[in-house]
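**Student:** Have a look at this one before I ask anything.
Numbering (this note's numbering), first residue to last: 966 to 1470.
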């Protein structure tokens, strides 16, 4: 069964050993195709939503099962419930374990009802893995209180099947939630994508969980062996890829994450290290090893017959029959550092299910507007609507790194952290370096796929041919909080011409 987050994360973040044991058990259970378990679900606060918590929420055969886990001893004495720790000390509980499970179930039901998901069957269950189950009572059925006898893979699967079988049918005349919609919405409610930290300066953090589009992709990964995920810069492709790779590894599959740009190695190592996932730049792939699931980031860089032949050799079952996911930017960043053959792309598209990420979770509304105004590129709808306007600095002399460094120094003086500032030289080609002032100086080739809080762009193209357009596109879409563009008088005229071309389209 799929776990969210994956088992490795739960092992380190779970607050109790009982929850860790439950997670290990669920990960080993062979459930229905739609089965997924969400751990440590804190139902988010909202002005019209209840607040609830659940140790696990399990989607099993179309039924949502909320599980409250109580390690150690649990006992009711004179109508009051107590937990008993390993020292034999009793602690009074505010409510019974079953009441806790049921209140979380009601909160979840209320949240999804308000969002128009439709009616769906729900059940509340208590698990006490260290003791025998108490006798069935008016408040609960015997099948809904799991105990130590359920702590095997076979017994847990049987317990879930029994609970799901007892779920009530939909009342007459109500809208019933479609299984796919319910599954995707649960991913959207409970999947914690890495936080897009947009609180620096005047920007408000507005993307603190998976967007609806990201949730749909994550929910679809287990059902579709071959997927193409399209999204402009900033729509969260690499973050979704990392979460998807964790899911596949958690299912026991061998997983490869590959990409053209070696600059992405560190990005993925930070997020996927220690999970047995191979993170290998495409140029270093060995055809001697095959994988159960292959993820390709920035796939537009590798859309050639030769590259597809290489991928065919590392995917178990081949590209036609194997399990793979390619994430790519339809705005074609490949002209910066890679190759894109449209005929090859058409052939690849025929082999996979297509998904599109529409919400930009990196750039502010002002940055998205600049990209659309000068490049006509679709980088998604802006998810971060608050933010400073894009600053244009018109340089009297050369609009190069020295002029950009002056802007970067002003940012530091205004409170920005030095290591959060990038200077992106659009026409540069050298490897990234820290200059004497401590700012990272990079270029589109090495910045592609990555991001920084504050970006100062300089060295604009002398000609906006396909390569120049692609480099400018990468440069101005790296910023999460503020974007500054250093330009000369000559740049200004070329930008005006570029804008007129977009207006005239």
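From the three backbone atoms N, C-alpha and C, an ideal C-beta is built for every residue, glycine too. Computed from a prediction, not measured in an experiment: that's the story for all the values here.
1. Could you pull the start and end residues of the alpha helix (DSSP H) that residue 1375 belongs to?
2. With residue 1021 and residue 1000 assumed to form a contact (beta carbons below 8 Å), what rounded beta-carbon distance in angstroms separates them?
3. What's the gap between the Cα of residue 1100 and the Cα of residue 1139?
4. By the DSSP assignment, the alpha helix (DSSP H) with residue 1328 in it spans what residues?
5. Kindly indicate which residue of 1122, 1228, 1356, 989 has the alpha-carbon position closest to the one of residue 1409.
6. Based on Cα-Cα distance, which residue from 1288, 1030, 1434, 1004 lies nearest to residue 1128?
7. Check for me: the beta strand (DSSP E) holding residue 1048 runs from which residue to which?
8. Measuring straight from C-alpha to C-alpha, what distance separates residue 1324 and residue 1347?
9. Using only the alpha-carbon positions, how far apart do residue 1442 and residue 976 sit?
10. Can you tell which of 1453, 1202, 1464 has its C-alpha closest to the C-alpha of residue 1264?
11. Have a look at 1287, 1375, 1278 and flag the residue whose alpha-carbon is nearest the alpha-carbon of residue 1258.
12. Taking residue 1269 as part of the beta strand (DSSP E), name the residues at either end of that continuous run.
13. Which residue spans inside the stretch 1030-1106 form an unbroken alpha helix (DSSP H) run of at least 4?
14. Could you say which of 1177, 1302, 1331 lies nearest to residue 1448 if we only look at CA atoms?
15. Please name the residue or residues paired with residue 1406 in a DSSP beta bridge.
16. At 4 residues or longer, and completely inside the stretch 1224-1283: list those alpha helix (DSSP H) runs for me, N to C.
17. The alpha helix (DSSP H) with residue 1303 in it runs from where to where?
18. Please list, in chain order, all residues of the same chain as residue 1234 whose beta carbon is under 7 Å from its beta carbon, the five residues on each side excluded.
19. Which value, in whole angstroms, describes the spacing of the CA atoms of residue 1106 and residue 1131?
20. Looking only at its own chain, which residues have a Cβ that is under 7 Å from the Cβ of residue 1459, when we skip the five neighbours before and after it?
21. To the nearest angstrom, how far is the alpha carbon of residue 1174 from that of residue 1327?
22. Might you give, ordered along the chain, the residues of its own chain that have their beta carbon closer than 7 Å to the beta carbon of residue 1210, omitting 5 neighbours on each side?
23. Check this for me: beta carbons of residue 1078 and residue 1095, under 8 Å apart or not?
24. Would you mind reading off the limits of the alpha helix (DSSP H) that contains residue 1184?
25. Between residue 1419 and residue 1303, which are expected to be in contact by the criterion C-beta below 8 Å, what is the C-beta distance as a whole number of angstroms?
26. According to the neighbour-count rule (16 or more other Cβ atoms, all chains shown, within 10 Å of its Cβ), is residue 1109 buried or exposed?
27. Secondary structure at residue 1164, three-state DSSP: helix, strand or coil?
28. Evaluate the contact criterion for the stretch 1024-1042 versus the stretch 1064-1078: three or more CB pairs, one atom per stretch, below 8 Å.
29. On the DSSP letters alone, give me the boundaries of the beta strand (DSSP E) that residue 1194 sits inside.
30. Decide if residue 1270 is buried, meaning its Cβ has at least 16 other Cβ atoms within 10 Å, or exposed.
31. Do the CB positions of residue 1423 and residue 1368 come within less than 8 Å of each other?
32. Can you list, in chain order, the residues of its chain with a C-beta nearer than 8 Å to that of residue 983? Leave out the 5 residues immediately preceding and following it.
33. Identify every residue that forms a DSSP beta bridge with residue 1021.
34. Alpha carbon to alpha carbon, how far is residue 988 from residue 1026?
35. Looking at the secondary structure, which residues open and close the beta strand (DSSP E) in which residue 1358 lies?
36. Could you tell me the alpha carbon to alpha carbon distance between residue 1178 and residue 1381, rounded to whole angstroms?
**Tutor:** Taking the definition as stated:
1. 1366-1378
2. Incorrect: roughly 12 Å between the Cβ atoms, too far for contact.
3. 35 Å
4. Per DSSP, residue 1328 belongs to no alpha helix (DSSP H); it is in the beta strand (DSSP E), 1324-1329.
5. 1228
6. 1030
7. 1045-1049
8. 6 Å
9. 36 Å
10. 1202
11. 1287
12. Run containing residue 1269: none; DSSP gives neither H nor E here.
13. 1062-1079
14. 1331
15. 1388, 1398
16. 1229-1237, 1270-1279
17. No alpha helix (DSSP H) holds residue 1303; DSSP gives it neither H nor E.
18. 1244
19. 10 Å
20. 1429
21. With a pLDDT of 47 at residue 1174, under the threshold of 50, the predicted position of this residue should be treated as unreliable, though the coordinate-derived value follows. Computed Cα separation, rounded: 13 Å.
22. 1220, 1222, 1237, 1242, 1260
23. no
24. 1177-1186
25. No, residue 1419 and residue 1303 are not in contact; Cβ-Cβ is about 27 Å, not under 8 Å.
26. buried
27. Low local confidence applies: a pLDDT of 37 at residue 1164 is under 50, so the model's placement there is unreliable, with the coordinate-based value given in what follows. Coil, per DSSP.
28. yes
29. 1191-1196
30. exposed
31. yes
32. 1034, 1035, 1036, 1037, 1092, 1094, 1095
33. 1004, 1032
34. 19 Å
35. 1356-1359
36. 31 Å
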